[in-house]
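Step one of this worksheet: look at the structure below.
Numbering (the working numbering), first residue to last: 109 to 607.
And the structure:
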(Lines of atoms letter the chains of each structure in order from A; the text may use other names.)
(Lines give C-alpha, C1' and ligand atoms only; values in the text may rest on other atoms or scores of the structure.)
Protein backbone atom coordinates (compact mmCIF):
# COMPACT_ATOMS: atom_id res chain seq x y z
CA UNK A 109 0.00 0.00 0.00
CA UNK A 110 1.41 3.40 -1.03
CA UNK A 111 1.87 6.06 1.65
CA UNK A 112 -0.25 9.20 1.46
CA UNK A 113 0.97 12.17 -0.59
CA UNK A 114 -0.75 14.39 -3.18
CA UNK A 115 -0.27 12.00 -6.08
CA UNK A 116 -1.38 8.94 -4.07
CA UNK A 117 -4.39 10.87 -2.74
CA UNK A 118 -5.41 11.78 -6.29
CA UNK A 119 -5.18 8.14 -7.37
CA UNK A 120 -7.26 7.06 -4.36
CA UNK A 121 -10.27 8.99 -5.65
CA UNK A 122 -10.61 11.20 -2.57
CA UNK A 123 -13.10 13.97 -3.41
CA UNK A 124 -12.86 16.15 -0.30
CA UNK A 125 -11.37 19.66 -0.09
CA UNK A 126 -7.62 19.89 -0.79
CA UNK A 127 -5.36 22.94 -1.21
CA UNK A 128 -2.01 22.03 -2.70
CA UNK A 129 -0.17 25.37 -2.88
CA UNK A 130 -0.59 28.53 -0.80
CA UNK A 131 1.58 31.11 1.02
CA UNK A 132 3.04 29.99 4.34
CA UNK A 133 1.21 32.28 6.76
CA UNK A 134 1.67 30.34 10.02
CA UNK A 135 4.79 29.18 11.84
CA UNK A 136 3.74 26.53 14.33
CA UNK A 137 5.93 25.26 17.15
CA UNK A 138 4.68 21.74 17.76
CA UNK A 139 3.79 18.97 15.32
CA UNK A 140 2.11 16.45 17.61
CA UNK A 141 -1.34 14.90 17.55
CA UNK A 142 -3.11 17.72 19.38
CA UNK A 143 -2.05 20.62 17.17
CA UNK A 144 -2.68 18.63 14.00
CA UNK A 145 -6.19 17.67 15.18
CA UNK A 146 -6.98 21.14 16.46
CA UNK A 147 -5.12 24.23 15.18
CA UNK A 148 -4.30 22.87 11.73
CA UNK A 149 -7.87 21.61 11.38
CA UNK A 150 -9.32 25.10 11.98
CA UNK A 151 -6.92 26.64 9.47
CA UNK A 152 -7.88 23.92 6.98
CA UNK A 153 -11.55 24.83 7.39
CA UNK A 154 -10.64 28.52 7.00
CA UNK A 155 -9.01 27.69 3.66
CA UNK A 156 -12.11 25.87 2.46
CA UNK A 157 -14.85 28.11 3.85
CA UNK A 158 -13.22 31.56 3.83
CA UNK A 159 -10.68 31.30 1.00
CA UNK A 160 -7.93 32.16 3.49
CA UNK A 161 -5.32 30.55 1.22
CA UNK A 162 -2.71 29.87 3.87
CA UNK A 163 -0.34 27.09 4.92
CA UNK A 164 1.27 26.21 8.25
CA UNK A 165 4.98 25.46 8.59
CA UNK A 166 5.46 23.13 11.54
CA UNK A 167 8.55 23.14 13.77
CA UNK A 168 9.67 20.31 16.03
CA UNK A 169 10.07 21.77 19.53
CA UNK A 170 12.41 18.93 20.51
CA UNK A 171 14.94 16.92 18.52
CA UNK A 172 13.05 13.63 18.04
CA UNK A 173 9.88 14.34 16.11
CA UNK A 174 7.72 13.83 13.05
CA UNK A 175 9.42 16.11 10.51
CA UNK A 176 10.67 13.32 8.26
CA UNK A 177 7.28 11.56 8.12
CA UNK A 178 5.36 14.81 7.58
CA UNK A 179 7.63 15.86 4.74
CA UNK A 180 7.45 12.45 3.08
CA UNK A 181 3.66 12.89 3.01
CA UNK A 182 3.98 16.48 1.72
CA UNK A 183 2.20 17.72 4.86
CA UNK A 184 -0.95 15.65 4.23
CA UNK A 185 -2.56 13.49 6.90
CA UNK A 186 -5.94 11.96 7.62
CA UNK A 187 -7.97 13.26 10.56
CA UNK A 188 -10.94 11.41 12.05
CA UNK A 189 -13.25 13.36 14.36
CA UNK A 190 -15.17 10.80 16.34
CA UNK A 191 -17.72 10.94 19.10
CA UNK A 192 -21.31 11.69 19.93
CA UNK A 193 -23.13 14.86 18.91
CA UNK A 194 -26.70 15.52 20.06
CA UNK A 195 -26.88 11.83 20.90
CA UNK A 196 -25.81 10.83 17.37
CA UNK A 197 -22.69 8.78 16.68
CA UNK A 198 -20.22 10.73 14.52
CA UNK A 199 -17.20 9.40 12.62
CA UNK A 200 -16.03 12.05 10.14
CA UNK A 201 -12.93 11.75 7.96
CA UNK A 202 -11.02 14.69 6.48
CA UNK A 203 -7.64 14.86 4.76
CA UNK A 204 -5.89 17.95 6.13
CA UNK A 205 -3.94 20.01 3.59
CA UNK A 206 -3.19 23.16 5.62
CA UNK A 207 0.35 21.97 6.44
CA UNK A 208 3.11 22.64 3.93
CA UNK A 209 6.11 21.03 5.64
CA UNK A 210 7.81 20.40 8.98
CA UNK A 211 11.24 21.67 10.06
CA UNK A 212 13.67 20.13 12.52
CA UNK A 213 15.67 23.13 13.83
CA UNK A 214 18.19 20.77 15.41
CA UNK A 215 19.51 20.23 11.88
CA UNK A 216 21.46 23.23 10.59
CA UNK A 217 19.71 23.37 7.21
CA UNK A 218 16.26 23.33 8.78
CA UNK A 219 17.29 25.91 11.38
CA UNK A 220 18.18 28.25 8.53
CA UNK A 221 14.87 27.45 6.80
CA UNK A 222 13.04 28.36 10.02
CA UNK A 223 14.79 31.73 10.00
CA UNK A 224 13.86 32.21 6.35
CA UNK A 225 10.20 31.71 7.26
CA UNK A 226 10.68 34.17 10.13
CA UNK A 227 11.76 36.87 7.64
CA UNK A 228 9.02 36.10 5.12
CA UNK A 229 6.50 38.70 3.97
CA UNK A 230 3.82 35.98 4.04
CA UNK A 231 4.18 35.14 7.75
CA UNK A 232 1.31 36.50 9.87
CA UNK A 233 0.85 34.17 12.83
CA UNK A 234 2.98 32.07 15.17
CA UNK A 235 1.26 29.30 17.15
CA UNK A 236 2.72 27.17 19.93
CA UNK A 237 1.81 24.18 22.04
CA UNK A 238 5.06 22.97 23.54
CA UNK A 239 3.45 21.28 26.62
CA UNK A 240 3.08 22.83 30.07
CA UNK A 241 6.86 22.69 30.50
CA UNK A 242 7.48 24.54 27.22
CA UNK A 243 7.02 28.11 28.40
CA UNK A 244 10.00 28.40 30.71
CA UNK A 245 12.92 30.80 30.97
CA UNK A 246 16.24 28.93 30.94
CA UNK A 247 19.18 31.32 31.44
CA UNK A 248 21.53 28.70 29.96
CA UNK A 249 20.12 29.51 26.50
CA UNK A 250 22.37 31.86 24.56
CA UNK A 251 21.74 34.25 21.67
CA UNK A 252 23.94 32.31 19.24
CA UNK A 253 22.70 28.78 20.08
CA UNK A 254 21.49 26.97 16.94
CA UNK A 255 18.96 26.32 18.31
CA UNK A 256 18.63 27.13 22.02
CA UNK A 257 16.88 24.43 24.02
CA UNK A 258 13.91 26.39 25.35
CA UNK A 259 10.98 27.39 23.15
CA UNK A 260 10.88 31.04 24.35
CA UNK A 261 14.56 31.38 23.43
CA UNK A 262 13.88 29.98 19.94
CA UNK A 263 10.98 32.38 19.59
CA UNK A 264 13.17 35.31 20.65
CA UNK A 265 15.67 34.39 17.92
CA UNK A 266 12.87 34.09 15.34
CA UNK A 267 11.40 37.47 16.26
CA UNK A 268 14.84 39.14 16.33
CA UNK A 269 15.61 37.80 12.86
CA UNK A 270 12.26 39.11 11.64
CA UNK A 271 12.92 42.49 13.26
CA UNK A 272 16.36 42.74 11.63
CA UNK A 273 14.75 41.94 8.26
CA UNK A 274 12.44 44.92 8.71
CA UNK A 275 9.23 42.86 8.59
CA UNK A 276 5.95 43.72 10.30
CA UNK A 277 5.05 42.35 13.74
CA UNK A 278 3.26 39.03 14.08
CA UNK A 279 0.30 37.66 16.03
CA UNK A 280 1.43 35.09 18.64
CA UNK A 281 -1.15 32.49 19.77
CA UNK A 282 0.03 30.44 22.77
CA UNK A 283 -1.90 27.20 23.39
CA UNK A 284 0.06 25.69 26.29
CA UNK A 285 -2.08 24.53 29.22
CA UNK A 286 -0.86 27.02 31.81
CA UNK A 287 -2.49 30.12 33.27
CA UNK A 288 -1.82 33.34 31.36
CA UNK A 289 0.09 31.41 28.68
CA UNK A 290 0.49 34.39 26.34
CA UNK A 291 1.63 36.75 29.09
CA UNK A 292 4.04 34.17 30.50
CA UNK A 293 5.55 33.61 27.04
CA UNK A 294 6.03 37.36 26.49
CA UNK A 295 7.65 37.62 29.91
CA UNK A 296 10.17 34.92 28.96
CA UNK A 297 10.97 36.62 25.64
CA UNK A 298 11.61 39.92 27.47
CA UNK A 299 13.93 38.09 29.86
CA UNK A 300 15.99 36.84 26.90
CA UNK A 301 16.04 40.32 25.36
CA UNK A 302 17.53 41.63 28.60
CA UNK A 303 19.89 38.69 29.11
CA UNK A 304 21.22 38.84 25.56
CA UNK A 305 21.56 42.63 25.59
CA UNK A 306 19.37 43.16 22.53
CA UNK A 307 18.54 46.72 21.55
CA UNK A 308 15.63 48.78 22.85
CA UNK A 309 14.18 49.02 19.35
CA UNK A 310 13.68 45.26 19.29
CA UNK A 311 12.10 45.27 22.74
CA UNK A 312 9.65 47.92 21.50
CA UNK A 313 8.96 45.82 18.38
CA UNK A 314 8.15 42.73 20.48
CA UNK A 315 5.97 44.54 23.00
CA UNK A 316 4.21 47.00 20.68
CA UNK A 317 4.33 45.73 17.09
CA UNK A 318 3.78 42.06 17.93
CA UNK A 319 0.61 40.87 19.66
CA UNK A 320 0.89 38.05 22.21
CA UNK A 321 -2.43 36.33 22.90
CA UNK A 322 -3.17 33.68 25.45
CA UNK A 323 -5.72 31.04 24.52
CA UNK A 324 -7.80 28.23 25.93
CA UNK A 325 -7.96 25.04 23.88
CA UNK A 326 -10.55 22.32 24.36
CA UNK A 327 -10.60 19.10 22.39
CA UNK A 328 -9.80 15.57 23.54
CA UNK A 329 -7.30 14.04 21.10
CA UNK A 330 -6.68 10.31 21.61
CA UNK A 331 -4.25 10.45 18.65
CA UNK A 332 -3.21 7.36 16.75
CA UNK A 333 -5.41 4.38 15.93
CA UNK A 334 -3.69 1.52 17.75
CA UNK A 335 -5.72 -1.49 16.60
CA UNK A 336 -3.75 -3.09 13.70
CA UNK A 337 -6.93 -4.61 12.31
CA UNK A 338 -8.68 -1.22 12.13
CA UNK A 339 -5.57 0.35 10.57
CA UNK A 340 -5.54 -2.31 7.85
CA UNK A 341 -9.27 -1.87 7.19
CA UNK A 342 -8.91 1.91 6.85
CA UNK A 343 -5.92 1.57 4.50
CA UNK A 344 -7.96 -0.75 2.29
CA UNK A 345 -10.95 1.60 2.36
CA UNK A 346 -8.90 4.79 1.77
CA UNK A 347 -6.56 3.38 -0.86
CA UNK A 348 -3.41 4.57 0.93
CA UNK A 349 -1.35 4.06 4.10
CA UNK A 350 -1.09 6.98 6.52
CA UNK A 351 1.13 6.54 9.60
CA UNK A 352 0.28 10.16 10.54
CA UNK A 353 -3.46 9.43 10.91
CA UNK A 354 -4.84 11.47 13.79
CA UNK A 355 -8.03 11.09 15.86
CA UNK A 356 -9.85 13.73 17.88
CA UNK A 357 -13.29 14.13 19.41
CA UNK A 358 -15.97 16.06 17.53
CA UNK A 359 -16.21 18.85 20.11
CA UNK A 360 -13.71 21.66 19.77
CA UNK A 361 -13.42 25.22 21.12
CA UNK A 362 -10.50 27.65 20.84
CA UNK A 363 -10.90 30.81 22.95
CA UNK A 364 -8.27 33.45 22.14
CA UNK A 365 -7.72 36.32 24.59
CA UNK A 366 -7.17 39.67 22.91
CA UNK A 367 -8.74 42.66 21.22
CA UNK A 368 -12.02 41.53 19.60
CA UNK A 369 -10.87 43.37 16.46
CA UNK A 370 -8.64 40.32 15.90
CA UNK A 371 -11.80 38.44 14.93
CA UNK A 372 -11.60 40.41 11.69
CA UNK A 373 -7.87 39.68 11.27
CA UNK A 374 -8.09 35.94 11.86
CA UNK A 375 -10.03 33.96 9.24
CA UNK A 376 -12.32 32.00 11.55
CA UNK A 377 -15.31 34.33 11.80
CA UNK A 378 -15.39 34.73 8.01
CA UNK A 379 -15.36 30.92 7.78
CA UNK A 380 -18.45 30.70 9.99
CA UNK A 381 -16.51 29.15 12.87
CA UNK A 382 -17.19 31.86 15.47
CA UNK A 383 -18.93 29.41 17.82
CA UNK A 384 -15.75 27.31 17.84
CA UNK A 385 -12.88 29.81 17.44
CA UNK A 386 -13.21 33.39 18.66
CA UNK A 387 -11.35 36.27 20.29
CA UNK A 388 -12.53 37.78 23.57
CA UNK A 389 -10.93 40.44 25.80
CA UNK A 390 -11.14 38.12 28.83
CA UNK A 391 -11.04 34.35 28.50
CA UNK A 392 -11.22 33.71 32.27
CA UNK A 393 -15.01 33.10 32.24
CA UNK A 394 -14.54 30.48 29.52
CA UNK A 395 -11.76 28.84 31.48
CA UNK A 396 -14.04 28.85 34.50
CA UNK A 397 -16.78 27.28 32.35
CA UNK A 398 -14.47 24.47 31.25
CA UNK A 399 -13.00 23.83 34.70
CA UNK A 400 -16.31 24.03 36.57
CA UNK A 401 -18.48 22.12 34.07
CA UNK A 402 -16.27 19.68 32.14
CA UNK A 403 -13.51 19.02 34.68
CA UNK A 404 -15.83 19.54 37.65
CA UNK A 405 -18.25 16.93 36.30
CA UNK A 406 -15.43 14.40 36.10
CA UNK A 407 -14.24 14.95 39.65
CA UNK A 408 -17.82 15.27 40.88
CA UNK A 409 -19.05 11.82 39.86
CA UNK A 410 -16.19 9.47 38.95
CA UNK A 411 -14.94 8.59 42.45
CA UNK A 412 -18.32 7.42 43.65
CA UNK A 413 -19.03 5.80 40.29
CA UNK A 414 -15.83 3.75 40.59
CA UNK A 415 -16.85 2.56 44.06
CA UNK A 416 -20.24 1.66 42.54
CA UNK A 417 -18.51 -0.72 40.12
CA UNK A 418 -18.04 1.36 36.96
CA UNK A 419 -14.71 1.51 35.12
CA UNK A 420 -15.07 3.89 32.16
CA UNK A 421 -16.85 7.21 31.70
CA UNK A 422 -19.09 6.12 28.83
CA UNK A 423 -20.72 3.37 30.91
CA UNK A 424 -21.55 5.95 33.58
CA UNK A 425 -23.52 7.92 31.00
CA UNK A 426 -25.66 4.83 30.40
CA UNK A 427 -26.61 4.55 34.08
CA UNK A 428 -29.76 6.52 34.85
CA UNK A 429 -28.77 7.43 38.41
CA UNK A 430 -25.26 8.69 37.64
CA UNK A 431 -26.42 10.58 34.55
CA UNK A 432 -29.20 12.33 36.48
CA UNK A 433 -26.83 13.05 39.38
CA UNK A 434 -24.27 14.62 37.05
CA UNK A 435 -26.84 16.68 35.18
CA UNK A 436 -28.45 17.93 38.40
CA UNK A 437 -25.03 18.93 39.72
CA UNK A 438 -24.21 20.82 36.51
CA UNK A 439 -27.58 22.39 35.68
CA UNK A 440 -28.84 23.17 39.21
CA UNK A 441 -25.63 23.82 41.15
CA UNK A 442 -22.85 24.90 38.77
CA UNK A 443 -24.35 26.64 35.72
CA UNK A 444 -26.55 29.12 37.68
CA UNK A 445 -23.51 30.68 39.39
CA UNK A 446 -21.24 31.01 36.35
CA UNK A 447 -20.61 34.53 34.97
CA UNK A 448 -21.61 33.62 31.41
CA UNK A 449 -24.78 33.42 29.37
CA UNK A 450 -26.85 30.67 31.00
CA UNK A 451 -28.13 29.20 27.75
CA UNK A 452 -24.55 28.99 26.45
CA UNK A 453 -23.51 27.19 29.64
CA UNK A 454 -26.42 24.78 29.32
CA UNK A 455 -25.36 23.96 25.76
CA UNK A 456 -21.79 23.40 26.99
CA UNK A 457 -23.11 21.07 29.72
CA UNK A 458 -25.16 19.16 27.13
CA UNK A 459 -22.03 18.82 25.00
CA UNK A 460 -20.21 17.41 28.05
CA UNK A 461 -22.73 14.57 28.21
CA UNK A 462 -22.09 13.86 24.52
CA UNK A 463 -18.33 13.99 25.07
CA UNK A 464 -18.48 11.61 28.02
CA UNK A 465 -20.62 9.25 25.94
CA UNK A 466 -18.03 9.06 23.13
CA UNK A 467 -18.35 5.52 21.70
CA UNK A 468 -14.75 5.63 20.44
CA UNK A 469 -12.95 6.51 23.69
CA UNK A 470 -12.58 4.25 26.73
CA UNK A 471 -11.80 6.94 29.32
CA UNK A 472 -10.93 5.08 32.52
CA UNK A 473 -12.26 6.41 35.82
CA UNK A 474 -9.00 5.53 37.55
CA UNK A 475 -7.04 7.80 35.20
CA UNK A 476 -9.39 10.68 36.08
CA UNK A 477 -8.98 9.93 39.80
CA UNK A 478 -5.31 11.02 39.88
CA UNK A 479 -4.68 13.86 42.36
CA UNK A 480 -8.35 14.24 43.23
CA UNK A 481 -7.60 16.28 46.37
CA UNK A 482 -6.25 19.25 44.44
CA UNK A 483 -8.81 18.63 41.68
CA UNK A 484 -11.79 18.84 44.05
CA UNK A 485 -10.33 22.00 45.56
CA UNK A 486 -9.80 23.66 42.14
CA UNK A 487 -12.78 22.31 40.22
CA UNK A 488 -15.61 21.73 42.71
CA UNK A 489 -14.98 23.72 45.88
CA UNK A 490 -15.40 27.14 44.21
CA UNK A 491 -18.81 26.13 42.83
CA UNK A 492 -19.73 24.63 46.21
CA UNK A 493 -18.85 27.80 48.14
CA UNK A 494 -20.34 30.21 45.61
CA UNK A 495 -23.60 28.23 45.57
CA UNK A 496 -23.83 28.53 49.35
CA UNK A 497 -23.01 32.23 49.16
CA UNK A 498 -25.81 32.77 46.66
CA UNK A 499 -28.47 30.43 48.05
CA UNK A 500 -27.66 30.01 51.74
CA UNK A 501 -28.02 26.22 51.52
CA UNK A 502 -25.75 23.27 50.75
CA UNK A 503 -25.82 22.03 47.12
CA UNK A 504 -26.87 18.39 47.41
CA UNK A 505 -24.75 16.87 44.62
CA UNK A 506 -21.57 18.86 45.23
CA UNK A 507 -21.87 18.10 48.95
CA UNK A 508 -22.21 14.39 48.14
CA UNK A 509 -19.21 14.56 45.79
CA UNK A 510 -17.01 15.55 48.75
CA UNK A 511 -18.17 12.50 50.73
CA UNK A 512 -17.50 10.32 47.66
CA UNK A 513 -13.99 11.78 47.50
CA UNK A 514 -13.33 10.81 51.14
CA UNK A 515 -14.85 7.37 50.55
CA UNK A 516 -12.59 6.71 47.57
CA UNK A 517 -9.46 7.63 49.58
CA UNK A 518 -10.43 5.62 52.64
CA UNK A 519 -12.36 2.55 51.49
CA UNK A 520 -10.90 -0.44 53.33
CA UNK A 521 -7.30 0.82 53.20
CA UNK A 522 -4.85 -2.07 52.74
CA UNK A 523 -1.38 -0.50 52.71
CA UNK A 524 0.69 2.49 51.59
CA UNK A 525 3.20 1.52 48.90
CA UNK A 526 5.61 3.39 46.65
CA UNK A 527 2.89 3.35 43.98
CA UNK A 528 0.22 4.85 46.22
CA UNK A 529 -2.47 4.04 48.80
CA UNK A 530 -3.96 0.60 48.17
CA UNK A 531 -7.68 0.41 48.98
CA UNK A 532 -10.32 -2.24 48.38
CA UNK A 533 -13.40 -1.72 46.26
CA UNK A 534 -16.80 -2.95 47.51
CA UNK A 535 -16.85 -5.59 44.76
CA UNK A 536 -13.59 -7.02 46.10
CA UNK A 537 -10.70 -5.89 43.90
CA UNK A 538 -8.01 -3.52 45.12
CA UNK A 539 -7.17 -0.16 43.55
CA UNK A 540 -4.32 2.29 44.08
CA UNK A 541 -5.04 5.91 44.94
CA UNK A 542 -2.48 8.31 43.40
CA UNK A 543 -1.93 11.75 44.92
CA UNK A 544 0.73 13.87 46.64
CA UNK A 545 2.62 11.76 49.13
CA UNK A 546 1.54 13.82 52.14
CA UNK A 547 -2.13 13.33 51.18
CA UNK A 548 -1.71 9.56 50.98
CA UNK A 549 0.19 9.50 54.29
CA UNK A 550 -2.65 11.49 55.89
CA UNK A 551 -5.31 9.00 54.80
CA UNK A 552 -3.14 6.06 55.77
CA UNK A 553 -2.65 7.56 59.25
CA UNK A 554 -6.45 7.94 59.62
CA UNK A 555 -7.43 4.58 58.11
CA UNK A 556 -8.81 3.27 61.43
CA UNK A 557 -10.81 6.41 62.29
CA UNK A 558 -14.54 6.21 62.79
CA UNK A 559 -16.48 8.21 60.19
CA UNK A 560 -17.05 11.37 62.31
CA UNK A 561 -13.37 11.55 63.30
CA UNK A 562 -12.20 10.95 59.72
CA UNK A 563 -14.51 13.62 58.29
CA UNK A 564 -13.40 16.13 60.94
CA UNK A 565 -9.71 15.41 60.27
CA UNK A 566 -10.16 15.83 56.49
CA UNK A 567 -12.20 19.02 56.77
CA UNK A 568 -9.83 20.71 59.22
CA UNK A 569 -6.75 19.93 57.08
CA UNK A 570 -6.08 23.43 55.78
CA UNK A 571 -3.14 22.21 53.70
CA UNK A 572 -5.68 20.33 51.59
CA UNK A 573 -8.36 23.01 51.27
CA UNK A 574 -6.72 26.33 52.16
CA UNK A 575 -9.36 26.75 54.88
CA UNK A 576 -11.21 24.93 57.65
CA UNK A 577 -14.24 23.42 55.94
CA UNK A 578 -15.95 22.68 59.27
CA UNK A 579 -16.70 26.42 59.36
CA UNK A 580 -19.19 25.94 56.49
CA UNK A 581 -22.54 25.61 58.33
CA UNK A 582 -23.98 22.10 58.16
CA UNK A 583 -21.25 20.73 55.89
CA UNK A 584 -19.56 18.47 58.46
CA UNK A 585 -22.83 16.91 59.58
CA UNK A 586 -23.98 16.38 55.98
CA UNK A 587 -20.67 14.76 55.03
CA UNK A 588 -20.79 12.36 58.00
CA UNK A 589 -24.32 11.39 56.93
CA UNK A 590 -23.34 11.04 53.24
CA UNK A 591 -20.18 9.05 53.91
CA UNK A 592 -22.14 6.72 56.20
CA UNK A 593 -24.68 6.19 53.41
CA UNK A 594 -21.94 5.43 50.87
CA UNK A 595 -20.32 2.92 53.23
CA UNK A 596 -23.56 1.22 54.26
CA UNK A 597 -25.80 1.43 51.17
CA UNK A 598 -23.30 2.00 48.33
CA UNK A 599 -22.37 5.03 46.26
CA UNK A 600 -25.15 4.52 43.72
CA UNK A 601 -27.84 4.69 46.45
CA UNK A 602 -26.09 7.75 47.89
CA UNK A 603 -26.16 9.47 44.48
CA UNK A 604 -29.84 8.54 44.09
CA UNK A 605 -30.59 10.22 47.42
CA UNK A 606 -29.62 13.58 45.86
CA UNK A 607 -32.23 13.34 43.11
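We put the CB at the ideal spot given by N, CA and C, even for glycine.
Model, not experiment: these values are computed from the prediction.
Among the options, nearest to residue i - alpha-carbon criterion
{"i": "residue 608", "options": "503, 501, 528", "result": "Given a span of 109 to 607 for the chain in the structure shown, any question on residue 608 remains unanswerable."}
{"i": "residue 510", "options": "541, 524, 521, 577", "result": "577"}
{"i": "residue 330", "options": "469, 220, 232", "result": "469"}
{"i": "residue 332", "options": "140, 586, 252", "result": "140"}
{"i": "residue 597", "options": "309, 534, 482, 563", "result": "534"}
{"i": "residue 560", "options": "403, 541, 587", "result": "587"}
{"i": "residue 607", "options": "215, 570, 542, 508", "result": "508"}
{"i": "residue 170", "options": "257, 128, 394", "result": "257"}
{"i": "residue 152", "options": "131, 126, 166", "result": "126"}
{"i": "residue 537", "options": "414, 314, 299", "result": "414"}
{"i": "residue 599", "options": "574, 409, 550", "result": "409"}
{"i": "residue 498", "options": "448, 452, 444, 480", "result": "444"}
{"i": "residue 519", "options": "558, 407, 467, 275", "result": "558"}
{"i": "residue 128", "options": "150, 147, 149, 162", "result": "162"}
{"i": "residue 295", "options": "344, 245, 249, 307", "result": "245"}
{"i": "residue 233", "options": "572, 389, 392, 275", "result": "275"}
Distance between beta carbons of residue j and residue i, contact taken as under 8 Å
{"i": "residue 168", "j": "residue 112", "result": "Their Cβ separation, rounded to whole angstroms, is 20 Å, which puts residue 168 and residue 112 out of contact at 8 Å."}
{"i": "residue 203", "j": "residue 189", "result": "No, residue 203 and residue 189 are not in contact; Cβ-Cβ is about 13 Å, not under 8 Å."}
{"i": "residue 411", "j": "residue 513", "result": "5 Å"}
{"i": "residue 457", "j": "residue 439", "result": "6 Å"}
{"i": "residue 368", "j": "residue 387", "result": "5 Å"}
{"i": "residue 376", "j": "residue 154", "result": "6 Å"}
{"i": "residue 371", "j": "residue 322", "result": "No, residue 371 and residue 322 are not in contact; Cβ-Cβ is about 16 Å, not under 8 Å."}
{"i": "residue 208", "j": "residue 183", "result": "5 Å"}
{"i": "residue 540", "j": "residue 353", "result": "Between residue 353 and residue 540 the Cβ distance is about 33 Å, and since that is not below 8 Å, they are no contact."}
{"i": "residue 373", "j": "residue 279", "result": "7 Å"}
{"i": "residue 226", "j": "residue 270", "result": "5 Å"}
{"i": "residue 117", "j": "residue 348", "result": "7 Å"}
{"i": "residue 491", "j": "residue 442", "result": "5 Å"}
{"i": "residue 324", "j": "residue 398", "result": "7 Å"}
{"i": "residue 673", "j": "residue 206", "result": "Here the chain comprises residues numbered 109 to 607, so residue 673 is not present and cannot be evaluated."}
{"i": "residue 282", "j": "residue 243", "result": "7 Å"}
{"i": "residue 314", "j": "residue 267", "result": "6 Å"}
{"i": "residue 543", "j": "residue 473", "result": "That pair is no contact at about 15 Å."}
{"i": "residue 298", "j": "residue 120", "result": "No, residue 298 and residue 120 are not in contact; Cβ-Cβ is about 49 Å, not under 8 Å."}
Buried or exposed by the 16-neighbour rule on C-beta atoms within 10 Å, applied to residue i
{"i": "residue 612", "result": "This structure cannot speak to residue 612, because the chain is shown only from 109 to 607."}
{"i": "residue 218", "result": "buried"}
{"i": "residue 525", "result": "exposed"}
{"i": "residue 312", "result": "exposed"}
{"i": "residue 195", "result": "exposed"}
{"i": "residue 640", "result": "Past the boundaries of the shown model lies residue 640; the chain is included only from 109 to 607, so the question cannot be answered."}
{"i": "residue 545", "result": "exposed"}
{"i": "residue 302", "result": "exposed"}
{"i": "residue 404", "result": "buried"}
{"i": "residue 402", "result": "buried"}
{"i": "residue 109", "result": "exposed"}
{"i": "residue 351", "result": "exposed"}
{"i": "residue 336", "result": "exposed"}
{"i": "residue 260", "result": "buried"}
{"i": "residue 148", "result": "buried"}
{"i": "residue 309", "result": "exposed"}
Contacting residues, own chain, Cβ-Cβ under 6 Å from residue i (five flanking each side not counted)
{"i": "residue 521", "result": "531, 555"}
{"i": "residue 317", "result": "277"}
{"i": "residue 464", "result": "421, 425"}
{"i": "residue 211", "result": "167, 218, 221, 222"}
{"i": "residue 356", "result": "145, 189, 327, 329"}
{"i": "residue 339", "result": "333"}
{"i": "residue 319", "result": "279"}
{"i": "residue 214", "result": "171"}
Close beta carbons around residue i, own chain, < 7 Å, minus the five adjacent residues each side
{"i": "residue 193", "result": "358, 462"}
{"i": "residue 122", "result": "203"}
{"i": "residue 157", "result": "379, 380"}
{"i": "residue 142", "result": "237, 329"}
{"i": "residue 552", "result": "521, 524, 529"}
{"i": "residue 247", "result": "303"}
{"i": "residue 496", "result": "502, 580"}
{"i": "residue 292", "result": "243, 286"}
Same chain, Cβ closer than 8 Å to residue i, five either side skipped, listed in chain order
{"i": "residue 568", "result": "576, 577, 578"}
{"i": "residue 623", "result": "Because the chain spans 109 through 607 in this model, residue 623 falls outside it and cannot be assessed."}
{"i": "residue 584", "result": "563, 564, 567, 577, 578"}
Any non-hydrogen atom of the ligand FAD within 7 Å of residue i CB
{"i": "residue 282", "result": "The ligand FAD is not among the ligands present in this structure, which contains no ligands whatsoever."}
Do the region 595 to 606 and the region 425 to 443 touch if we need at least three Cβ pairs shorter than 8 Å?
-> Look at the beta carbons and you see the region 595 to 606 touching the region 425 to 443: at least three pairs across the two are nearer than 8 Å.
Is there contact between the region 356 to 371 and the region 128 to 137, where contact requires at least three CB pairs shorter than 8 Å?
-> Contact check between the region 356 to 371 and the region 128 to 137: fewer than three CB pairs, one atom from each, fall below 8 Å, which does not count as touching.
Inter-stretch contact (C-beta, 8 Å, three-pair minimum) for the region 498 to 505 and the region 592 to 599 = No, because fewer than three Cβ pairs between the region 498 to 505 and the region 592 to 599 fall closer than 8 Å, the two stretches do not touch.
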